[in-house]
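Data block below; observations after.
In UniProt numbering, the protein residues as written are 1 to 605.
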């Protein structure tokens with residue numbers, strides 16, 4: 001274009017005909033504009049594609065696409081904890097307290113709509129106020145965020161999938177905004193286009209975000225459909241930290257510790273889980289979940305999500321730190337970290353299940369000062385006829401019998417005599433040949449053989465104990481090793497090795513009947529082999545009977561779980577229930593069977 005313009009100027013000076021060149025120039029200008037438009041479109045498409053590329057995953061993250069492989073880091077339960085048998089679900093407790101009205105909520109707001117009322121409102125506000133004061137005492141700055149964000153800013157902090165599955169759009173003429181799904185979104189943009197030149201002095205910054213959150217939950221169809229655990233609108237207190245790159249991993253551990261301290265103060269049993277790589281969102285380099293124990297559902301459920309997003313968000317939002325010196329090849333960006341402290345409705349659900357009594361609800365001690373000094377809330381309403389617990393009880397009574405196949409009928413009879421099993425569970429002695437192979441191959445073969453003989457739904461169980469130093473042996477052949485060597489002999493095998501670590505694995509297999517698929521439920525616990533300590537009850541040589549309501553836990557005097565000073569055999573029942581590989585497998589099986597019951601319940605309503 002410049003060359004052509006010079007030719008035109010020269011011809012004008014020499015008074016030559018420039019019309020052909022002017023036509024050519026006009027054609028080039030049109031092509032240039034077309035190229036600029038195309039370049040802009042390609043640039044936009046490239047940026048959109050780059051947004052689908054996730055953060056660099058931290059080396060410590062478990063690599064898997066299966067969330068069953070999430071790694072349990074640690075488990076906590078209150079001192080002298082006695083597991084409460086959850087007779088009522090959280091929403092039934094709240095109904096009996098007259099603390100919420102789901103029917104009118106659905107009538108006004110649709111699916112997952114609800115009204116909190118009376119003590120439900122007071123408990124909710126108590127959690128908000130306690131959470132904020134908890135973080136203020138730790139030096140956090142409280143921010144109450146906007147409920148909406150402009151589209152251009154939201155696109156820099158939210159994931160592309162969120163626009164379809166999570167975010168509500170608000171349109172006013174040409175003005176397009178989005179309701180926030182978490183206060184993390186506006187707080188992450190709070191310092192956009194800012195530069196912390198002296199990070200050693202200015203960072204870290206700790207924010208306690210308080211906001212209402214709005215989520216479409218489009219990808220959660222069928223999950224937690226009753227109660228207020230998973231709803232479209234809820235209040236949340238969020239930790240959000242801006243740190244230097246050098247300190248972000250230290251602060252990451254500090255954030256999850258703050259969340260743990262909060263739930264310890266409420267005396268709610270929990271575990272910390274490291275999320276597998278395939279389940280991380282694009283922004284997170286590593287994520288811990290805090291999952292609390294829900295007695296009625298007999299499972300852990302997520303209350304806290306804690307992520308280190310490193311510089312993934314700050315690059316989009318241009319939040320820089322430090323002074324770029326000569327020779328520096330790259331800009332230096334702050335690291336952004338976020339962690340739930342209290343998603344109010346979820347935390348309330350957990351309190352309702354763990355603090356229920358036959359007559360009402362004990363109020364957790366830290367919340368009492370926010371409840372006018374009250375320590376107890378009495379039930380004021382009866383359960384409706386179609387309540388969850390009553391409906392499930394009726395369906396369970398009608399359920400087809402499930403047969404647990406065991407090679408030790410005497411132990412099965414003892415267990416049945418002691419425990420009241422709500423599911424129709426029959427224990428049958430059946431000596432099945434056991435193939436050699438991996439544990440999955442063995443248990444699938446065993447389950448198929450059993451179901452072909454019994455012609456009813458069956459459950460079988462098998463275990464393995466793998467010594468790291470022996471490349472996985474004894475593995476599924478632990479029963480034969482134990483019968484030949486005894487406990488002391490097993491310990492002596494590892495005498496020449498410094499590595500005493502081992503992995504205990506339990507698998508339950510369920511099959512509905514001949515020709516149906518076999519479903520496997522697995523639990524794993526990492527530990528160390530130690531000289532026998534404690535009483536050997538139900539060791540590796542005995543097949544444990546499935547107990548779906550009162551879990552029976554493997555007791556082994558030579559296996560000591562990591563980060564614990566006791567062997568299984570030395571632990572009391574509540575601690576074993578938290579840590580056992582068998583409990584982990586049982587909870588997955590229990591959840592599967594309860595889903596069958598709930599589906600039956602839906603079909604019958």
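Virtual Cβ for every residue (Gly too), placed ideally from N, Cα, C.
For residue i and residue j, I'd like the C-alpha separation in whole angstroms.
i	j	result
residue 494	residue 521	30 Å
residue 244	residue 205	10 Å
residue 413	residue 374	With a pLDDT of only 46 at residue 413, under 50, the local geometry of the prediction cannot be trusted, and the value read off the model is given with reservation. Between residue 413 and residue 374, the C-alpha separation is close to 47 Å.
residue 53	residue 461	41 Å
residue 37	residue 294	56 Å
residue 5	residue 35	19 Å
residue 51	residue 283	9 Å
residue 145	residue 187	7 Å
residue 523	residue 170	45 Å
residue 17	residue 41	38 Å
residue 516	residue 596	15 Å
residue 546	residue 61	Its pLDDT being 35, under 50, residue 546 is placed unreliably by the model, and the measurement read from it follows with that caveat. Their Cα atoms are separated by approximately 32 Å.
residue 9	residue 309	57 Å
residue 513	residue 439	21 Å
residue 181	residue 257	24 Å
residue 97	residue 587	29 Å
residue 450	residue 507	16 Å
residue 381	residue 88	13 Å
residue 537	residue 483	Any answer about residue 537 is weak, because its pLDDT of 43 lies below 50 and its placement is not dependable; what the coordinates show is given next. Roughly 15 Å separates the two Cα atoms.
residue 566	residue 264	21 Å
residue 11	residue 25	14 Å
residue 349	residue 229	6 Å
residue 422	residue 556	Reliability of the predicted coordinates at residue 422 is poor, the pLDDT of 49 falling under 50, and no value is obtained from them.
residue 590	residue 154	40 Å
residue 455	residue 426	13 Å
residue 174	residue 2	40 Å
residue 120	residue 94	7 Å
residue 131	residue 252	19 Å
residue 553	residue 356	Its pLDDT being 36, under 50, residue 553 is placed unreliably in this model, and the coordinates cannot settle the point.
residue 74	residue 200	32 Å
So, under 8 Å CB-CB, residue i and residue j are touching, yes? Tell me the CB distance rounded to an integer number of Å.
i	j	result
residue 185	residue 208	At roughly 15 Å, the Cβ-Cβ gap does not stay under 8 Å, so residue 185 and residue 208 are not in contact.
residue 71	residue 273	7 Å
residue 468	residue 499	5 Å
residue 317	residue 156	5 Å
residue 300	residue 271	6 Å
residue 366	residue 76	Actually they are not in contact, since the Cβ atoms of residue 366 and residue 76 sit about 16 Å apart, beyond 8 Å.
residue 334	residue 67	Actually they are not in contact, since the Cβ atoms of residue 334 and residue 67 sit about 30 Å apart, beyond 8 Å.
residue 369	residue 56	The Cβ separation is near 45 Å, so there is no contact.
residue 344	residue 234	6 Å
residue 558	residue 487	5 Å
residue 491	residue 433	The Cβ separation is near 30 Å, so there is no contact.
residue 364	residue 402	That belief does not hold up - the Cβ atoms of residue 364 and residue 402 are roughly 37 Å apart, past 8 Å.
List the DSSP bridge partners of residue i.
i	result
residue 313	The partner list for residue 313 (beta bridge, DSSP) is empty, contrary to what the question assumes.
residue 524	505
residue 339	239, 306
residue 163	Answer is none; residue 163 lacks a bridge partner.
residue 150	177
residue 320	195, 333
residue 519	510
residue 464	505
residue 441	In the DSSP output, where bridge partners are listed per residue, residue 441 has none listed.
residue 607	Summary: the structure shown does not reach residue 607, with the chain confined to residues 1 through 605, and so no result is reported for it.
residue 18	The partner list for residue 18 (beta bridge, DSSP) is empty, contrary to what the question assumes.
residue 561	527
residue 458	403, 511
residue 292	270, 301
residue 143	209
residue 116	100
residue 287	307
residue 169	178
Checking 8 Å against the spacing of the C-beta atoms, do residue i and residue j come in under that value?
i	j	result
residue 453	residue 404	no
residue 281	residue 159	yes
residue 306	residue 259	yes
residue 266	residue 242	no
residue 504	residue 518	no
residue 606	residue 569	Nothing in the structure corresponds to residue 606, since the chain is present only between 1 and 605.
residue 341	residue 237	yes
residue 362	residue 379	no
residue 99	residue 106	no
residue 215	residue 166	yes
**Q.** Those runs of the beta strand (DSSP E) which lie wholly inside the stretch 37–106 and span at least 3 residues
**A.** 71–76
Q | Sequence ranges, beta strand (DSSP E) only - wholly within the stretch 176–257, length at least 3 | A | 205–214, 233–243
Q | Completely contained alpha helix (DSSP H) runs for the stretch 470–497, where each covers 4 or more residues | A | 478–493
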